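Beneath this line is the structure, given in structure tokens, with notes to follow.
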Amino acid sequence: MADCGITSRRKAEDLITQGRVTVNTMVADVLGTKVDPAKDVVEVDGQLLDLNSVSKVYLVMNKPRGFVTTVSDPEGRHTVMELIKEVSERVYPVGRLDYLSEGLLLLTNDGELANRIMHPSNQITKVYEVKVFGLVTPKILRKLREGVTVDGDFLKPLSVRPIKQLEHKTWLEFTLGDGKNREIRKICESCGLTVDKLKRVAIGNLNIKGIAPGNYTYLTKGQLEKKLSKDYQTTRASIIIKAKKFGERKLANDESYAKYRKATYLDVMKSYKEKAQLS
Numbered sequence: 119m120a121d122c123g124i125t126s127r128r129k130a131e132d133l134i135t136q137g138r139v140t141v142n143t144m145v146a147d148v149l150g151t152k153v154d155p156a157k158d159v160v161e162v163d164g165q166l167l168d169l170n171s172v173s174k175v176y177l178v179m180n181k182p183r184g185f186v187t188t189v190s191d192p193e194g195r196h197t198v199m200e201l202i203k204e205v206s207e208r209v210y211p212v213g214r215l216d217y218l219s220e221g222l223l224l225l226t227n228d229g230e231l232a233n234r235i236m237h238p239s240n241q242i243t244k245v246y247e248v249k250v251f252g253l254v255t256p257k258i259l260r261k262l263r264e265g266v267t268v269d270g271d272f273l274k275p276l277s278v279r280p281i282k283q284l285e286h287k288t289w290l291e292f293t294l295g296d297g298k299n300r301e302i303r304k305i306c307e308s309c310g311l312t313v314d315k316l317k318r319v320a321i322g323n324l325n326i327k328g329i330a331p332g333n334y335t336y337l338t339k340g341q342l343e344k345k346l347s348k349d350y351q352t353t354r355a356s357i358i359i360k361a362k363k364f365g366e367r368k369l370a371n372d373e374s375y376a377k378y379r380k381a382t383y384l385d386v387m388k389s390y391k392e393k394a395q396l397s
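Here my numbering is used: the first residue of the sequence shown is 119, the next is one more, and so on.
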């Protein structure tokens, strides 16, 4: 039903459990019921679905701040759907970025692919650049990496690294696996950090380079699947680097990238130490 563009995948599940969907005139109230588009007749509230006429669309958007990633909003806030009014197909956001967050957002009417991207078992990593107020000391950095428990949930990123130190703020890179609701903000708050800016920059090997905030681009299914393939993801460990001075474990994909990340990490740590001595 999501593929046919009549509703989102989540709401489609509600329609099924409410007994409003029939397959070959029989009520299909069990989630996961299989249908054959070539043979089966599917109706929703008596409306026949054309299972063979769906054109799959895949959009990669650079979501700006101040937009919710829903089709509509009861509070009257702007939604990302306002940014794609010229798209004739009915697409839906894959996952969410909260109102104040920005960056990479996928929209599609391919429910099967959307489910694969969101399901934790597929281990598709998401990378975020996060600007927090204040100095992130080595002690705080260790706590961020070790994970925290918030409201009974243990939240632990796959990796966290400093990428830039400003005068009164610090840029960090977080890599998440499944990613729970507001996970990064909760982790930071638990460690005494306040998030100033949060931007998703990659899902797997898919990024938003060249896409201005509020704009989007089209991809084919093949292009998208290639970008999301585990063979193309670089955030998992294939080389472990040990920064000798601080004993932190760093992940990289090849020797040159490993050297770059190690040098960046040590430079930032040196800056932290110098600032601590001056304070």
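Don't be surprised by glycine CBs; every beta carbon is placed ideally from N, CA and C.
This one's a predicted model, so the numbers in the text were calculated from it and none came from an experiment.
Here L177 is near T335, since their CB atoms are less than 9 Å apart. Around the CB of N299, fewer than 16 other CB atoms lie within 10 Å, so the residue is classed as exposed. Of the candidates L290, R279, N227 and T140, N227 places its Cα closest to the Cα of T125. Only residues of its own chain outside the window of five on either side were considered, and among them G265, V266, K298, E301, K304 and I305 have a CB closer than 7 Å to the CB of L273, listed in chain order.
Within the model, the alpha-carbon separation for V160 versus V141 is close to 5 Å. Counting C-beta pairs closer than 8 Å gives three or more between the stretch 206-218 and the stretch 179-194, which meets the contact rule. Around the CB of M199, 16 or more other CB atoms lie within 10 Å, so the residue is classed as buried. Counting only residues of its own chain and dropping the five nearest sequence neighbours on each side, K287 has a CB closer than 8 Å to the CB of K249, V250, F251, G252 and D314. Between I235 and I134, the C-beta spacing is not below 9 Å.
Assigned with DSSP and collapsed to three states, K304 falls in helix. Counting along the chain, the unbroken beta strand (DSSP E) around R279 starts and ends at S277 to Q283.
Between L224 and A232, the C-beta gap is smaller than 9 Å, which places the two residues in contact. If you look at G221, you'll find it isn't in any alpha helix (DSSP H); it sits in the beta strand (DSSP E) that goes E220 to T226.
When Q165, Q136, G221 and P155 are compared, the shortest CA-CA separation from R183 is found for G221. Within the DSSP secondary-structure output, R234 pairs in no beta bridge. In this structure, DSSP gives Q165 an extended state, which the three-state scheme calls strand. The distance from the Cβ of Y246 to that of L149 is about 31 Å, inconsistent with a contact at the 8 Å cut-off. Counting every other CB atom within 10 Å of its CB across the protein chains shown gives R128 a total below 16, marking it as exposed. In this structure, I242 lies away from L342, with their beta-carbon atoms at least 9 Å apart. C-alpha of T143 to C-alpha of T151: approximately 14 Å in a straight line.
Per DSSP, the continuous alpha helix (DSSP H) segment holding K257 begins and ends at P256 to E264. Checking the DSSP bridge columns, you'll see P211 partnered with L225.
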